[in-house]
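In this note's numbering, the protein residues as written are 26 to 558. Where a beta carbon is used, it is the ideal one built from N, C-alpha and C, also for glycine. So the structure is just underneath, and the comments pick up after that.
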């Protein structure tokens, strides 16, 4: 009878975290229960180390190696721990190595590759996993580092997952690559876009996922604190203006504006609130979605590395707004934001797709919300104020403070002409196709109007009855025939008017600015009788 507790103790010890110095490099790993599918290597970012992935106390057992580690303790940061636990549940050994100097350091690039190869070999030998495939993911500096591993020998590398960082893609001729980045980080988004094109050109399997801003809720905070304390923290954040009425952070948490509200409730021994060390600080960075390790896509990461198809970005019905969940089609992953609003009928929800695809190819990030997908947002029921709140929620989800281009057709055109007057949306340009109604718009917004003269649903005479508004247009494009549709022949003029971001100059800070030259092709169209300026 005494044999069972002994066997249980041996089994439990086999699945506890392990610690070793491999050629001087701090290496930690943990074996899952059951059959092992492979090894997941997690590369930390700058100012971090391998012990961030592990906990000092697991299932009542104290991990003594934390105290003698380079940093002197294990931080068990919430996203890293979530990723570790999920990978363990899927049958993967999880390992981490302290790169660079070994403590609170960035990786040293190619100089660190050999020591990681040795660390992987050590774990394989220790766990009797000589042929186990390696999955490699990393964030920031660690993301750039895993981008170097396809050039290394003897790794049996099955995939790489760079988070919040682009990579040296020309080193990779065959290793499947999944990029995970955050929409507010425009520099990384541009680099990832270039990497994807390069890898696709060389037939490397590649895709991307975008981690959008998260609402700060009681459940979200419970990754770090108790349910009771989470409710108090949430109330403090609301009263202190840290989050808005929808639960989104009002400013970058690295500005530390949230700390004073948290300090009143959290003793230092519970959470230091220090950058790169605090559980809550990491959660705030994840909620802001600019530059932070995230485990949001843990299932997709493992699925991708196992060769399965994964859903890009959020599910189409997973866009949470103040009026509930909505379906939103998304084109592109970075660049100035464009939003297109469809017409009244359900059959019209895809009518902007052709235009959206072309705008995305030229550098726009385009959202096409389906207002029929939620009973409270249906055309004819939703008010302009409620629609503005929905669009503001979508803007926050993709990390944009303004709408560079707002488009609408028929009912959507009338709604767009009302929304352009909402200052919180900061609409810069507006494209309307046969709008059901036409309202005055602010002088700061450039507007273009498109109509077919034979449109019997919304006749062009509706616009001609408001000459004072037509005078404000930057562009009025007419077609003799075409009916009540978004015509393919509208596309060249829409693209000219939109002035796609690919034609704009980009500053070192990643902001776009007007180019020094001016474009004359609009006037070429005018000469053909298509435009009236």
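Spatially closest choice to residue 279 from 105, 299, 272 and 117, by CA coordinates: Nearest option by C-alpha distance: 299.
4-residue-minimum alpha helix (DSSP H) runs that sit fully inside the stretch 457 to 496, ordered along the chain: 486 to 489 and 492 to 495
Counted within 10 angstroms of its Cβ, other Cβ atoms place residue 289 as buried (16 or more) or exposed: Result: exposed.
Separation of residue 304 from residue 244, as counted between CA atoms: Roughly 14 Å separates the two Cα atoms.
Backbone secondary structure at residue 48 - three-state DSSP: coil
DSSP bridge partner residues for residue 352 (one or two, in chain order): 395
Rounded C-alpha distance that separates residue 465 from residue 207: 36 Å
Contacts around residue 223, its chain only, beta-carbon distance under 6 Å, and the 5 residues preceding and following it disregarded: 194
Residue burial classification, residue 467 (beta-carbon count within 10 angstroms, cutoff 16): exposed
CB of residue 509 within 7 Å of CB of residue 459, strictly: yes
Under the three-state DSSP convention, the category residue 519 falls into: In the structure shown, residue 519 adopts helical secondary structure according to DSSP, grouped into three states.
Residue environment, residue 226, which counts as buried when at least 16 other CB atoms sit within 10 Å: Under a 10 Å Cβ-count criterion, residue 226 is classified as exposed, with fewer than 16 other Cβ atoms of the shown protein chains found around its own Cβ.
Inter-residue spacing [alpha-carbon to alpha-carbon] between residue 58 and residue 112: 11 Å
Collapsed DSSP secondary structure at residue 384 in the structure displayed: helix
Other residues of its chain near residue 124: CB distance less than 6 Å, five sequence neighbours each side excluded: 132 and 137
Residue 150 to residue 239 span [Cα, whole Å]: Rounded to whole angstroms, residue 150 to residue 239 spans 41 Å at the Cα level.
Residues near residue 373 by beta carbon distance below 6 Å, same chain, minus five either side: 367
Segment contact, 8 Å Cβ cut-off, at least three pairs: the stretch 480 to 487 with the stretch 445 to 452: A contact is defined here as three or more CB-CB pairs under 8 Å, and the stretch 480 to 487 fails this definition with respect to the stretch 445 to 452.
Reduced DSSP category for residue 325 - H, G, I as helix; E, B as strand; rest coil: Secondary structure at residue 325: helix, using DSSP grouped into helix, strand and coil.
Residue 404 versus 94, 438 and 387, residue with shortest Cα-Cα distance: Considering only alpha carbons, the answer is 438.
Proximity of residue 347 and residue 418 at Cβ, strictly below 7 Å: Closer than 7 Å, so yes.
Residues near residue 319 in its chain [Cβ-Cβ closer than 6 Å; skip 5 each side]: Shown here for residue 319: same chain residues with a beta carbon closer than 6 Å to its own, the five before and five after excluded, namely 104, 236 and 311 in chain order.
Host alpha helix (DSSP H) of residue 90 (start-end): Unbroken run through residue 90: none, as it is neither H nor E.
Residue 389 versus residue 90: straight-line alpha-carbon distance, rounded: 49 Å
Alpha-carbon spacing of residue 99 relative to residue 209, whole angstroms: 30 Å
Rounded C-alpha distance that separates residue 476 from residue 313: Distance between residue 476 and residue 313, taken at the CA atoms: about 41 Å.
Assigned secondary structure, residue 506 (DSSP; H/G/I helix, E/B strand, else coil): Coil at residue 506, not helix or strand.
C-alpha distance - residue 352 paired with residue 323, whole-angstrom precision: 23 Å
Those residues which DSSP pairs with residue 76 across a bridge: Partner(s): none; residue 76 has no beta bridge.
Buried/exposed call for residue 344, threshold 16 Cβ in 10 Å: buried
Local conformation of residue 411 per DSSP, three classes: helix
Beta-carbon contacts of residue 507 that lie in its chain and below 6 Å, excluding the five residues immediately before and after: 477
Start-end ranges of the beta strand (DSSP E) lying completely within the stretch 219 to 300, minimum 3 residues: 231 to 235
Pick from 44, 211 and 156 that is closest to residue 425, judged by C-alpha positions: 211
Distance CB(residue 75)-CB(residue 60) smaller than 7 Å: no
Those residues which DSSP pairs with residue 96 across a bridge: None, per the DSSP bridge assignment.
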